[in-house]
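J.: For reference, the structure I am asking about is given below.
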Amino acid sequence: SLIGFEGPEKLLEVWFRPNSDAKECRELHHRHRSCGLRIVDQPTWEDMLNIVKCQVLSRKSNDYVDEFVLSE
Amino acid sequence: SSMFVYSHKIILKTCGTTTLLLALPRILEIAHTNCGLELVDSVFYSRKAFMFPAKQKWPHGNWGDEVLYLDTIFQPEHFHTSGYVVGKINGEHWNLYTAAPRRDSDVVGWDEEDPYSEADEEMEELYKDDLTLEVLMSELNPEKMKAFWKKDGETEEEGAKRIYNDSGLGSIFPHTTVDDHCFDPCGYSLNGLIDQYYWTVHVTPEDHCSYASFETNIPISVAASPLAYQSYEEVVRKVIGVFEPGKVTVTLFSRKPENKDRETSDTESRSESSTSVNGSNHATTLFQLPVVGPGAVASWGRKSVDNIVSSEHANMVLTGSAVDGYLMRDRVVYDLGGWDLVFAQFTRKRR
């Protein structure tokens, strides 16, 4: 994996807005903070990460955020 | 590499020959179909200068391709997009792309009903302290890097624990929840959480790709408890002390409040490049930027996060003492539409 290694990471950040059809989700967000993207299960993220060529090594969560340590 | 998933945003940070941007359509699809999140509020993509562009897979071989690729997803009729090169084009520059939805009612084809208007107040709350500090380091001290190799007979878990405790990383934000990994035979990644804030560290200790990155969105007011941090400069100094790099790039991003230049792509910048390097006293003004125009100034200190986020960038002064042993090579202040950016570079003084 060191062939072509570019130490400086690529960083992507995407912010979403709940749309007008997702009021329930928005209300849930205020109550539980576990809504929106956080309802996505890990296999779905792993499927996405396959495109990136990364695998999930470990993860932890708190009330606000899910974090994943990835390969590469 | 790391990923952070919030209810309303995803942060994905990868290195090596990863093909991060190719996953963007899938991310948007997941957000839409799985979560009902069809409206993108903002997009931010950054990367440091290319090192081995010929060995990367499209579109990661050059900045122009990356911007073109992103512009095909965030099309100009719906988004304000920008692709910047921050810093010296032939130096340790940074590449930055931003996209934010157009909300002009006069845009051809734009629906008269603004779908973004309903969630403005909520987004303001989410944005209110959005600030990211990043420290990129290369030419790391080889003696320091010995800690980042997995030892014989050591499990990856044991190695991670040893590295965290022995390298000095454990003293940066000791009150956070940490998830880390020691790679075989070397290398280390860490994600730390405290409430809605994170910090992340990635290290490749080999001489031929000696590199470490540190990034956090922890406000100094949070970081300071129970520590005695008075400013981000102290955090930067502590991080640099762990790795003793030969070269350092520091960036501080802050998002502007809604309706403050979010809808313009005009860029203003003020550069104070290496002219001061030869000065004898520059070490006391490493982060000090000139005041432009009248108005209040904000210090880069304990109580300054709100000020930084809410102040006009041009009126912002970052004060603080030196990073001992380093020379500033470049410093730039950018007003990037919806974001403010401070960019500074340092090199270690010769002994």
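One line per chain: the protein sequences are A and B, in this order.
Residue numbers for the first sequence follow my numbering, beginning at 5 and rising by one.
Residue numbers for the second sequence follow my numbering, beginning at 2 and rising by one.
Don't be surprised by glycine CBs; every beta carbon is placed ideally from N, CA and C.
These figures come from a predicted structure and were not determined experimentally.
1. Distance, Cα to Cα, Gly42/B vs Asp153/B?
2. Going by CA-CA distance only, name the one from Thr48/A, Ile43/A, Leu15/A that's closest to Tyr7/B.
3. Is DSSP giving Leu287/B helix, strand or coil here?
4. Could you tell me whether any Cβ in chain A is nearer than 8 Å to the Cβ of Thr19/B?
5. Between which two residues does the beta strand (DSSP E) holding Cys183/B run?
6. At the level of alpha carbons, what is the spacing between Pro206/B and Glu50/A?
7. First and last residue of the alpha helix (DSSP H) that includes Phe244/B?
8. Could you spell out where the alpha helix (DSSP H) holding Arg163/B opens and where it closes?
9. For the beta strand (DSSP E) that contains Thr217/B, what are its first and last residues?
10. Our contact map puts Arg103/B next to Phe80/B with C-beta atoms below 8 Å; I'd like the distance itself, whole angstroms only.
11. Cα separation between Met4/B and Val56/A?
12. What residues from the stretch 30-43 of chain B come within 8 Å of chain A, judged by C-beta to C-beta, listed N to C?
13. Suppose the cutoff is 6 Å on Cβ atoms and the five residues either side in sequence are ignored; what does the same chain contact list for Asp131/B look like?
14. Would you verify that the beta carbon of Glu13/A is, or is not, closer than 8 Å to some beta carbon of chain B?
15. Beta-carbon separation of His182/B and Glu159/B under 8 Å?
16. Would you identify the three-state DSSP class for Glu207/B, choosing helix, strand or coil?
17. With distances taken Cα to Cα, identify the nearest neighbour of Asp1/B among Val179/B, Asp185/B, Phe344/B.
18. Please name the residue or residues paired with Ser172/B in a DSSP beta bridge.
19. Would DSSP call Arg103/B helix, strand or coil?
20. Does the beta carbon of Asp307/B come closer than 8 Å to any beta carbon on chain A?
21. So who's on the other strand from Lys19/A, going by DSSP bridges?
22. In angstroms with no decimal places, state the Cα-to-Cα distance between Arg27/B and Ile11/B.
23. Kindly identify the DSSP beta-bridge partner or partners of Phe53/B.
24. Take Thr201/B as the anchor and find which of Pro186/B, Phe174/B, Cys187/B, His209/B has the nearest alpha-carbon.
25. Relative to the C-alpha of Ala355/B, which candidate in Gln46/A, Ser62/A, Glu71/A has its C-alpha closest?
26. So, for Val69/A: in the same chain, excluding its five sequence neighbours on each side, which residues have a beta-carbon less than 7 Å away from its beta-carbon?
27. Indicate whether Leu21/B and Leu16/A have their beta-carbon atoms separated by less than 8 Å.
28. From this set, Tyr199/B, Tyr233/B, Leu38/B, Lys89/B, which residue's C-alpha is nearest Leu253/B's C-alpha?
29. In whole angstroms, what is the alpha-carbon distance linking Gln46/A and Leu337/B?
30. Residues of chain A with a CB under 8 Å from the CB of Asp180/B: which are they?
31. So that I know if they touch, is there some Cβ in chain B lying closer than 8 Å to that of Glu76/A?
32. Starting from Tyr199/B, follow its DSSP beta bridges and name the residues at the other end.
33. Can you pull the chain A residues whose beta carbon is under 8 Å from the beta carbon of Asp196/B, in chain order?
34. Which residues bound the alpha helix (DSSP H) around Arg27/B?
35. Should Val86/B be labelled buried (16 or more other beta-carbon atoms within 10 Å of its own) or exposed?
36. Taking 8 Å as the cut-off, decide whether the C-beta atoms of Lys58/B and Thr18/B are in contact.
T.: On the basis of the data shown:
1. A small correction: the amino acid at residue 42/B is Asp; Gly does not occupy that position in the sequence shown. One C-alpha to the other measures close to 48 Å.
2. Ile43/A
3. Below a pLDDT of 50, predicted positions are generally treated as unreliable, and Leu287/B, at 30, falls in that range; the measurement from the model is reported next regardless. Reduced to three states, the DSSP call for Leu287/B is coil.
4. yes
5. 178-183
6. 27 Å
7. 233-244
8. 157-167
9. 212-217
10. 6 Å
11. 12 Å
12. Ile31, Ala32, Asn35, Cys36, Gly37, Leu38, Glu39, Leu40, Val41, Asp42, Ser43
13. Arg256
14. yes
15. no
16. coil
17. Shown here, chain B extends from 2 to 352; a query on residue 1/B therefore has no answer.
18. Answer is none; Ser172/B lacks a bridge partner.
19. coil
20. Reliability fails at Asp307/B, whose pLDDT of 36 lies under 50, so the model's placement of it is uncertain and the value that follows must be treated cautiously. Asp307/B does not count as touching chain A.
21. Inspection of the sequence shows that residue 19/A is occupied by Trp rather than by Lys. According to DSSP, Trp19/A bridges with Lys10/B, Ser43/B.
22. 12 Å
23. Answer is none; Phe53/B lacks a bridge partner.
24. Phe174/B
25. This structure leaves residue 355/B out entirely; chain B is present only between 2 and 352.
26. none
27. yes
28. Tyr233/B
29. 34 Å
30. Ser62, Arg63, Lys64, Glu71, Val73
31. yes
32. Leu194/B
33. Asn66, Asp67, Tyr68
34. 25-36
35. exposed
36. yes
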